[in-house]
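What follows is a short report on a single structure.
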């Protein structure tokens, strides 16, 4: 008698094509807003001309697609082999702009390339460190990641510094409500499309109320450009802020990798998998720097979507990456997605990102919170991580390098959490 084949883990399942496309479309819809918003921010801040802006948009979308394929595939030591997506880091985009404004765009591209090279070299060290992160610290980091992402989603509903309008809040509320109702009342198979259906409903209401207008444009194709800002200028001093940020992003990659594995129920070798995640980030960022784009990071944006829809296959996110890479060359797709009202995208993102907070809270179930050490560690880590997110001006009076480190919520949650944990561990010793 033949031996029965071992069951395939849901992460490694290849869904039927129709279902895979539908699920991939949801990931695509949720993740597209970030690269487009990032490129718009860079374009406006640096006053780039139309051709450079189009090349940068194409490059960023292409790198997001390639990075997502690497992280989902997990081949050749690149990527976690989990249902991940890759996007420009919010803080990394801001740092790219700062370096470009203070020095030059070519120096900013050089900083991205230097940081990516450093990331590749630091993988062995990162692999040794991440296995020593206590569970209580990881759980705190995941909660902070979720809160930070929800704040980003809120910024799409109401831009920072602007006054909230009833129409904007109403559109976001309609999008969220439609997502919840779809998940509650539709048959099980259709529930997997709840996020996409919520976005469609929000967009339909926006169109009916005159808040959806397709942006003009006649071009059909767009392509990236090699070194759009000229030959990169490698200035180590100018790159220091981005290098410091990259160290913090490794801690964030650790939390997101552990969270993703937990959400999809996949047993992983944490040190090896996190090392592959970081290496995939660095290689993709290296490509992005060559094409004039910002540092790329594995994103937690889709983790909430994976949990909400129940589709855990890495081939679905891989397909989303492929679609994104194709979209990089199709100008009308970018115009269409860029036309989506911010409140609709923000409402969709908010409900997906809030699931990350829920997942982080769930991670505390495996932590003994009866002892003073774990309670105080979690409290201190959350306080240090949430304060710079909820009060952005907290460290404005500090020097630039210190402000960069202290202002990263995830980094502070990791550093403070580990220090407090060690204090109590030494006392027990």
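Residue numbers (this note's numbering): 1183 to 1611. Don't be surprised by glycine CBs; every beta carbon is placed ideally from N, CA and C. Nothing here was measured: the structure is a model prediction, and the numbers come from that model.
Backbone secondary structure at residue 1479 - three-state DSSP: The sequence position of residue 1479 within the chain shown is 297, counting from 1. Three-state result, residue 1479: strand.
Rounded straight-line distance, which links the Cα of residue 1433 to that of residue 1464: By 1-based counting over the chain shown, the position of residue 1464 is 282. By 1-based counting over the chain shown, the position of residue 1433 is 251. About 14 Å.
Enclosing beta strand (DSSP E) for residue 1269 [first to last residue]: As a working note, residue 1269 is residue 87 in the chain shown. Element bounds for residue 1269: 1267-1270.
Distance between residue 1383 and residue 1632 (C-alpha atoms, nearest Å): Nothing in the structure corresponds to residue 1632, since the chain is present only between 1183 and 1611.
Exposed unless 16 or more other CB atoms sit within 10 angstroms - verdict on residue 1446: Residue 1446 sits at position 264 when you count from the first residue of the chain shown. Burial call: buried.
Chain-order list of residues whose beta-carbon lies under 6 Å from that of residue 1232 (same chain, five-residue window excluded): Residue numbering aside, residue 1232 sits at position 50 when the chain shown is read from its first letter. Cβ neighbours of residue 1232 beyond the five flanking positions: none.
Distance, residue 1326 Cα to residue 1265 Cα: Taking the chain shown and counting its residues from 1, one reaches residue 1265 at position 83. Taking the chain shown and counting its residues from 1, one reaches residue 1326 at position 144. One C-alpha to the other measures close to 21 Å.
For residue 1204 and residue 1437, the rounded distance between their alpha carbons: As a working mapping, residue 1437 is identified with position 255 in the chain shown. As a working mapping, residue 1204 is identified with position 22 in the chain shown. Straight-line Cα distance between these residues: approximately 28 Å.
Residue 1555 versus 1523, 1522, 1396, 1607, residue with shortest Cα-Cα distance: Taking the chain shown and counting its residues from 1, one reaches residue 1555 at position 373. Residue 1555 has its Cα closest to that of 1607, out of 1523, 1522, 1396, 1607.
Per DSSP, cross-strand counterpart(s) of residue 1512: For the purposes of this step, residue 1512 is taken as residue 330 along the chain shown, with counting starting at 1. Bridge partners of residue 1512: 1403.
Where residue 1558 sits in the DSSP three-state scheme: For the purposes of this step, residue 1558 is identified with residue 376 of the chain shown, where counting begins at 1. Looking at residue 1558 - three-state DSSP - the assignment turns out to be helix.
Selected residue, minimal CA-CA separation from residue 1421, among 1234, 1209, 1344, 1277: Within the chain shown, numbered from 1, the residue matching residue 1421 stands at position 239. Answer by Cα proximity: 1277.
For residue 1238 and residue 1224, believed in contact at Cβ under 8 Å, the rounded distance: On the chain shown, residue 1224 is found 42 positions in, with the first residue counted as 1. On the chain shown, residue 1238 is found 56 positions in, with the first residue counted as 1. Correct: roughly 7 Å between the Cβ atoms.
Residue 1175, buried or exposed, once every other Cβ within 10 Å from all chains shown has been counted against 16: The structure shown does not extend to residue 1175, since the chain is modelled only from 1183 through 1611, so no value can be given for it.
Reference residue 1506, options 1243, 1200, 1218, closest by Cα: Sequence index remark: in the chain shown, residue 1506 carries index 324 (1-based). It is 1243 whose Cα lies nearest to the Cα of residue 1506.
contact_flag[the stretch 1401-1409, the stretch 1492-1501] where n(CB pairs < 8 Å) is 3 or more: no
Residue 1463 in three-state terms, based on DSSP: Within the chain shown, residue 1463 is the residue found at index 281, counting from 1. Collapsing the DSSP output to three states places residue 1463 in a helix.
Sequence-distant residues of the same chain with beta carbon closer than 6 Å to residue 1462, five excluded per side: Within the chain shown, numbered from 1, the residue matching residue 1462 stands at position 280. Around residue 1462: 1252, 1253, 1260, 1261.
Residue environment, residue 1367, which counts as buried when at least 16 other CB atoms sit within 10 Å: For the purposes of this step, residue 1367 is identified with residue 185 of the chain shown, where counting begins at 1. By the neighbour-count rule (16 or more Cβ atoms within 10 Å), residue 1367 is not buried but exposed.
Rounded straight-line distance, which links the Cα of residue 1193 to that of residue 1183: Position 1 of the chain shown holds residue 1183. Position 11 of the chain shown holds residue 1193. Low per-residue confidence applies at residue 1183: pLDDT is 49, beneath 50, and the placement is therefore not dependable, though the value from the model is reported in the following sentence. Each residue's Cα considered, the two are about 29 Å apart.
Beta-carbon proximity of residue 1615 to residue 1591, cut-off 7 Å: Not covered by the structure: residue 1615. The range shown for the chain is 1183 to 1611.
Coarse secondary structure for residue 1261, derived from DSSP in three states: Reading the chain shown from its first residue, position 79 is the one you call residue 1261. Residue 1261 falls in the coil class under three-state DSSP.
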